[in-house]
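Enquirer: So that we are looking at the same thing, I have put the structure below in C-alpha cells.
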Amino acid sequence: MDLESYKKQALQKQKEHKKFLEGLKKKPPKNLDYVVQETHEEVFEKIDCLQCANCCKTTGPLYTEKDIERISKHLRMKQADFEAKFLRVDEENDKVLQNLPCFFLNQDNTCSIYDVRPKACREYPHTDRKKIYQINNLMIKNTVICPAAFEFVERMIKNLGK
Numbered sequence: 371m372d373l374e375s376y377k378k379q380a381l382q383k384q385k386e387h388k389k390f391l392e393g394l395k396k397k398p399p400k401n402l403d404y405v406v407q408e409t410h411e412e413v414f415e416k417i418d419c420l421q422c423a424n425c426c427k428t429t430g431p432l433y434t435e436k437d438i439e440r441i442s443k444h445l446r447m448k449q450a451d452f453e454a455k456f457l458r459v460d461e462e463n464d465k466v467l468q469n470l471p472c473f474f475l476n477q478d479n480t481c482s483i484y485d486v487r488p489k490a491c492r493e494y495p496h497t498d499r500k501k502i503y504q505i506n507n508l509m510i511k512n513t514v515i516c517p518a519a520f521e522f523v524e525r526m527i528k529n530l531g532k
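Written out as C-alpha cells, the structure reads:
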C-alpha cells in the first residue's frame, strides 16, 4: 500500500471532497445512511487495515475515562499508573498518547489490546456513521491519513452520482 500516493491524492482532491461533503450537509439524500453503510462495506472488502496501520503510527486516539478504566483493568494496572505510563493531557484537555506510534501497535500491525481498544480506535475512520455530514472536517483530515477514508469519499461521490 503506497501511503505517500494516497496522501498526495487526498491533498490534491481536498477541495473537491470538501465541496462534496458540504453538499451532503446542505441537502442530504433521503437514503444517505444506507449509501454510507454500503460504501463503507465496499471499501473494507478492498482495503485491509493490517496492511497499513497508518492511523496507529501517526495519530493518537482520545482516551475516555471508560477507555482508561477498561484498558488498565485488562492490563492489570491501576488507572493512575496507566495514565502516567502512556497518556498526557493535550492542548484541548483531552487524554491522548504520550508518544507515537501507538505503544500497543505490534510489528505485524495488529493491536495488543484490540479487544479493549479505545472507542476512538473502534470507530475509526468513521466511515460507517449515520449523518456522516456531521463530521465533514474530521473526514477531510482522515482522507490524508487513511486510504480507506480516501476511498470512501471517492466512492461516495461515485455512488451518489455527483
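If you number the sequence shown the way our numbering does, the last residue is 532 and the count never jumps. Where is the CB? At the ideal position from N, CA and C, for every residue including glycine. On a predicted model such as this, the values are computed, not experimentally measured, just so you know.
(1) Looking at C-alpha atoms only, which residue of M509, H496, E439, Y433 is the closest neighbour of L457?
(2) Among Y376, F474, L394, G531, whose alpha-carbon lies nearest the alpha-carbon of Q504?
(3) In the segment 455-523, which residue ranges form an unbroken beta strand (DSSP E) of at least 3 residues, counting only runs that do not cross its ends?
(4) I need the boundaries of the alpha helix (DSSP H) containing A380, first residue and last residue.
(5) What is the DSSP secondary structure of L432, counted as helix, strand or coil?
(6) Please state whether DSSP places R446 in a helix, a strand or coil.
(7) May I have the straight-line CA-CA distance separating S482 from F474, to the nearest angstrom?
(8) Using the C-alpha atoms, what's the distance from V514 back to L381?
(9) Can you check whether the CB of P517 is closer than 8 Å to the CB of I417?
(10) For Y484, count the other beta carbons within 10 Å of its own beta carbon; 16 or more makes it buried, fewer makes it exposed. Which is it?
(11) If you compare alpha carbons, which of D478, F414, N469 is closest to K455?
(12) Within 10 angstroms of the Cβ of P431, are there 16 or more other Cβ atoms? Answer buried if so, exposed if not.
Expert: Quick answer:
(1) Position 87 of the sequence shown, counted from the start, is the residue given in the question as residue 457. With distances taken between Cα atoms, L457 lies closest to Y433.
(2) On the sequence shown, residue 504 is found 134 positions in, with the first residue counted as 1. Measuring from the Cα of Q504, the nearest candidate turns out to be L394.
(3) Listed in chain order, the complete beta strand (DSSP E) runs (minimum 3 residues) inside the segment 455-523 are 457-459, 465-467.
(4) As a first step, residue 380 is located in the sequence shown; it is residue number 10 there, counting from the start. Residues 373-382.
(5) Residue 432 sits at position 62 when you count from the first residue of the sequence shown. Three-state DSSP puts L432 in a strand.
(6) Locating residue 446 in the sequence shown gives position 76, where the first residue counts as 1. R446: coil per DSSP, three-state reduction.
(7) For the purposes of this step, residue 482 is identified with residue 112 of the sequence shown, where counting begins at 1. For the purposes of this step, residue 474 is identified with residue 104 of the sequence shown, where counting begins at 1. About 5 Å.
(8) Position 11 of the sequence shown, counting from 1, holds the residue named residue 381. Position 144 of the sequence shown, counting from 1, holds the residue named residue 514. Each residue's Cα considered, the two are about 7 Å apart.
(9) As a working mapping, residue 417 is identified with position 47 in the sequence shown. As a working mapping, residue 517 is identified with position 147 in the sequence shown. Result yes, Cβ atoms of I417 and P517 sit closer than 8 Å.
(10) Residue mapping note: residue 484 aligns to position 114 of the sequence shown, counting from 1. Classification of Y484: exposed, given that the 10 Å Cβ count is below 16.
(11) The count along the sequence shown starts at 1 and reaches residue 455 at position 85. Comparing Cα-Cα distances from K455 to each of D478, F414, N469, the minimum goes to N469.
(12) As a first step, residue 431 is located in the sequence shown; it is residue number 61 there, counting from the start. P431 is buried by the Cβ-count criterion.
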